Structures are given as C-alpha cells and as structure tokens.
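A.B. asks: When we follow UniProt numbering, the leftmost residue of the sequence shown carries the number 1, and every step to the right adds one. Idealized CB from N, CA, C, for every residue including glycine. Quick caveat, the model's predicted, so the values are computed rather than measured. Encoded as structure tokens, here's the structure I'll be asking about.
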Amino acid sequence: MDLVSPSSNPTFTNTAITSPTTPTTPTSATVTTGASSTPTTSPSSSRYENQKRRDWNTFCQYLRNHRPPLTLPMCSGAHVLEFLRYLDQFGKTKVHNQTCPFFGLPNPPAPCPCPLRQAWGSLDALIGRLRAAYEEHGGRPEGNPFAARAVRLYLREVRDFQAKARGVSYEKKRKRPKPKVTATPPSEIPPPDVDSSAG
Ligand SMILES: [Zn+2]
Numbered sequence: 001m002d003l004v005s006p007s008s009n010p011t012f013t014n015t016a017i018t019s020p021t022t023p024t025t026p027t028s029a030t031v032t033t034g035a036s037s038t039p040t041t042s043p044s045s046s047r048y049e050n051q052k053r054r055d056w057n058t059f060c061q062y063l064r065n066h067r068p069p070l071t072l073p074m075c076s077g078a079h080v081l082e083f084l085r086y087l088d089q090f091g092k093t094k095v096h097n098q099t100c101p102f103f104g105l106p107n108p109p110a111p112c113p114c115p116l117r118q119a120w121g122s123l124d125a126l127i128g129r130l131r132a133a134y135e136e137h138g139g140r141p142e143g144n145p146f147a148a149r150a151v152r153l154y155l156r157e158v159r160d161f162q163a164k165a166r167g168v169s170y171e172k173k174r175k176r177p178k179p180k181v182t183a184t185p186p187s188e189i190p191p192p193d194v195d196s197s198a199g
C-alpha cells in the first residue's frame, strides 16, 4: 500500500533540514528511536506510523521542490489540492472519462486510454495521515491545511466521480433491506403523546 513513494529514489540525501521558518519549535533532535523494551505499539499502528512518516516526508519534499518554494506555514488548502493532483500521476486506478464507452462499468471488457489516478480511498487515508502529522510537527489545528474545507470538498468530488466512473459504490453504510426477523414479535409502539396545544 505504498501509494506515495516518489521519494524512494536513491538520490535522497538524509541531510539535516535547517528550516529557518520554524521559530516556535525548538530543535529537539533527541528522538528516541530505540524502543527496544517498550512493545506498546501494535504492528498495525506502527505500520500506520511508518506510512504517516513517509507521507509526511513526501509532502515536505514536494514543498521543497515547489516553484516558487513553499514552506509549511505558507501552506493552504489550495496547495494541498495541488499536491493531490500531482500525486495522480503515480496513481494505479483507472478512472474513466465521461466520454469513455466504459464509463460506469466495474469490469471493462477492453483497454481504453483513460488516465490512471489515485483511488479516492487512498487519498482519503493519505489526507487523514497528513492531517495528523501536521499537528504532530507543531502545526496549529485551526490552520491545518489538510483539514481545509476545500480539501474535504475535493475529496467528496473525487469520491463521487470515481464511484460513477467505475460503477462502484463508496457508500460506507449501505442501507440493506432488513431480513425478516421473526424471533421477536412486533412490539407495540405506544401512541405518540399528542400534545393538545391547539386552543
Ligand atoms: Zn475508459
């Protein structure tokens, strides 16, 4: 599930980042990376933490490569949207255009030139991790660009469009028709307490 791994090139130098634009956070480089005797984190949560760190590094690298250069405090929801669109080039999910004859088909019978994108579920999870990472790195919750309204709206748009384009449902809680349960007798519903306020 490493959807965001454009930073896995071997040319990545692990230089210490001296960012002049973080006056409030002290340079606390004493991170205990041993964790040999405290197995408090479950494997799944540490996997999440690893993924979160990688996503955060990817985003920071994106900021460094941005022209004009961007720093974290300058980031807005619009920049996050830029980042998400940039990630689409690494996507592996076929999303049909509305003009494609396979639009809306879950299993198209033939290839088509429609682009590959990041799946909505991946983007949604990514934003969740970055939102948490932002605040863990000293960002203020009220200024969190990953929690911006524009980002939420964009994700909803992506979800809806991909649901249509791929013919899949992203509904979390699908309201199924209840199977007939005959174990319990239909309980008598007490009549509503009609308030005779007319008068
Ligand atoms: Zn197509």
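(1) Mark P113 as exposed unless 16 or more other C-beta atoms lie within 10 angstroms of its C-beta, in which case mark it buried.
(2) Could you tell me how far apart the beta carbons of R117 and D88 are, in whole angstroms, since I believe they sit closer than 8 Å?
(3) To the nearest angstrom, how far is it from the Cα of P23 to the Cα of G138?
(4) Helix or strand or just coil, what does DSSP make of L81?
(5) Pop quiz: G77 and R149 are said to be a contact at Cβ under 8 Å. What is the actual Cβ separation, rounded to whole angstroms?
(6) Residues near ligand 1, CB to any non-hydrogen atom under 5 Å, in chain order?
(7) Could you tell me which whole alpha helix (DSSP H) segments of length 4 or greater appear in the UniProt domain "ALOG" (47-174)?
(8) So what does DSSP say about T25, is it helix, strand or coil?
(9) Tell me, please, whether the stretch 118-128 touches the stretch 85-99 by the rule of three or more beta-carbon pairs shorter than 8 Å.
(10) For chain D, is any of its Cβ atoms less than 9 Å away from the one on Q51?
(11) Checking 9 Å against the spacing of the C-beta atoms, do V151 and L84 come in under that value?
(12) Return the CA-CA distance between P45 and F59, expressed in angstroms with no decimal places.
C.D. replies: So, to answer that:
(1) exposed
(2) Right, the Cβ-Cβ distance comes to about 5 Å (below 8 Å), so this counts as a contact.
(3) Interpretation of P23 is limited by its pLDDT of 44, a score under 50 that renders its predicted location unreliable; the figure taken from the coordinates is listed afterwards. Their backbone Cα atoms lie some 11 Å apart in a straight line.
(4) helix
(5) 7 Å
(6) H96, C100, F102, C112, C114
(7) 77-87, 120-136, 149-166
(8) Bear in mind that a pLDDT of 41 at T25, under 50, signals an unreliable position, so the model cannot answer this.
(9) Between the stretch 118-128 and the stretch 85-99, the count of C-beta pairs closer than 8 Å reaches three or more; the two stretches touch.
(10) Absent from the structure: chain D. Only one protein chain is present.
(11) In contact: V151 and L84 (Cβ atoms closer than 9 Å).
(12) The displayed chain sequence assigns Ser, not Pro, to residue 45. If you draw a straight line from the Cα of S45 to the Cα of F59, it comes to about 21 Å.
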